[in-house]
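Structure, as structure tokens:
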Amino acid sequence: RINALSRSSFSINLDQLNRGVLDHRYNQSVSFMRQGTLRTMSNTEITMTEGSRKEKILIVDDNPFNLFTATFIVKKFGFEVDTAGSGQECLRLLDEESQKENSNNNGRVYRMILMDIQMPTMDGIETTQRIKERVLKKEMYEIPVVALTAKRIDRNERSLYQEKGLVAALEKPLVAKELAQILKQCL
1 RINALSRSSF SINLDQLNRG VLDHRYNQSV SFMRQGTLRT MSNTEITMTE
51 GSRKEKILIV DDNPFNLFTA TFIVKKFGFE VDTAGSGQEC LRLLDEESQK
101 ENSNNNGRVY RMILMDIQMP TMDGIETTQR IKERVLKKEM YEIPVVALTA
151 KRIDRNERSL YQEKGLVAAL EKPLVAKELA QILKQCL
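Under my numbering, the final residue of the sequence shown carries the number 187; numbering is consecutive throughout.
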């Protein structure tokens, strides 16, 4: 026999859900965003200064929640953000933006791409390889591409990503402190 449940039994406390699902990585990111500054090992500071930069970062992910989270964190560092929901959309945006004249950055529209690895139709590795082909043909400028993955990244995977042209790899959900370190290394 199945007992009927009231509507209220299906309500979810979002604070509990966040703690349970996103766990340690989420808490690290929120803590860093509250502090607003990261002091790196070389004693330089990366400060979150929303809206202060004119530079853009392209975030590519087929999951709207991941796009929202990454966009929120990247904007806190002061970057403008464009998003793409697929590898094909990423390539289309790159084509459109590379045709625009941008005198402030000598034609460089995006400073970095954060690329989801597992997407349908065209995954992040294939998309990155197509970007690298365009760079070799001098159709576009070199852009550092950082892998985003929901899987735990071991040494072998990190090496594979580097062989395929990705400059670094981050686990999802993103942690602001880890992203800050990648931004400092690559930009």
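Note that CB positions come from ideal geometry on N, CA and C, so glycine has one too.
Here the structure is a predicted model, which is why all the values come from computation and not from measurement.
Going by DSSP in three states, residue i sits in which element: helix, strand or coil?
i      : result
Ile57  : strand
Leu22  : Unreliable placement is indicated for Leu22, whose pLDDT of 44 sits below 50; no coordinate value is reported for it.
Ala180 : helix
Arg111 : strand
Glu139 : coil
Thr70  : The amino acid occupying residue 70 in the given sequence is Ala; Thr does not appear at that position. Looking at Ala70 - three-state DSSP - the assignment turns out to be helix.
Leu127 : Here residue 127 turns out to be Thr, not Leu, going by the sequence shown. Thr127: helix per DSSP, three-state reduction.
Leu188 : The question about residue 188 has no answer, for the chain in this structure spans 1 to 187.
Leu189 : This structure cannot settle anything about residue 189, because the visible part of the chain is limited to 1 through 187.
Asp82  : strand
Leu148 : strand
Val95  : The sequence as given places Asp at residue 95; Val does not occur at that position. If DSSP states are grouped into helix, strand and coil, Asp95 belongs with the helices.
Asp154 : coil
Gln185 : helix
Gly51  : For Gly51, the predicted model reports a pLDDT of 48, less than 50, meaning its position is unreliable and no value from the coordinates is stated.
Glu101 : Summary for Glu101: the model assigns pLDDT 49, below 50, so the residue's position carries little reliability, and this model does not support an answer.
Arg39  : Its pLDDT being 41, under 50, Arg39 is placed unreliably in this model, and the value from its coordinates should be taken loosely. The answer is strand: DSSP assigns Arg39 an E or B state.
Whose C-alpha, out of the options, is nearest the C-alpha of residue i?
i      : options                        : result
Lys172 : Ile59, Cys186, Lys75           : Ile59
Thr128 : Arg152, Glu163, Lys100         : Glu163
Leu187 : Pro144, Arg155, Glu178         : Pro144
Asn63  : Leu166, Gln185, Ala150         : Ala150
Ser98  : Ile73, Val135, Lys75           : Val135
Glu139 : Glu96, Ile125, Lys177, Lys75   : Glu96
Glu157 : Ile125, Lys132, Lys100, Met112 : Ile125
Ala168 : Lys137, Arg152, Phe79, Gln185  : Gln185
Phe79  : Arg92, Met112, Lys100          : Met112
Using a threshold of 8 angstroms, state whether the C-beta atoms of residue i and residue j are closer than that.
i      : j      : result
Leu170 : Val146 : yes
Tyr141 : Lys56  : no
Leu183 : Phe77  : yes
Asp61  : Asp116 : yes
Thr69  : Val81  : no
Leu114 : Leu166 : no
Hey, residue i and residue j are a contact pair by Cβ (cut 8 angstroms); roughly how many whole angstroms apart?
i     : j      : result
Thr83 : Leu67  : 5 angstroms
Ile73 : Leu160 : Their Cβ separation, rounded to whole angstroms, is 25 angstroms, which puts Ile73 and Leu160 out of contact at 8 angstroms.
Touching by the beta-carbon criterion (3+ pairs, under 8 angstroms), the stretch 78-89 and the stretch 120-127: Yes, since at least three Cβ pairs between the stretch 78-89 and the stretch 120-127 fall closer than 8 angstroms, the two stretches touch.
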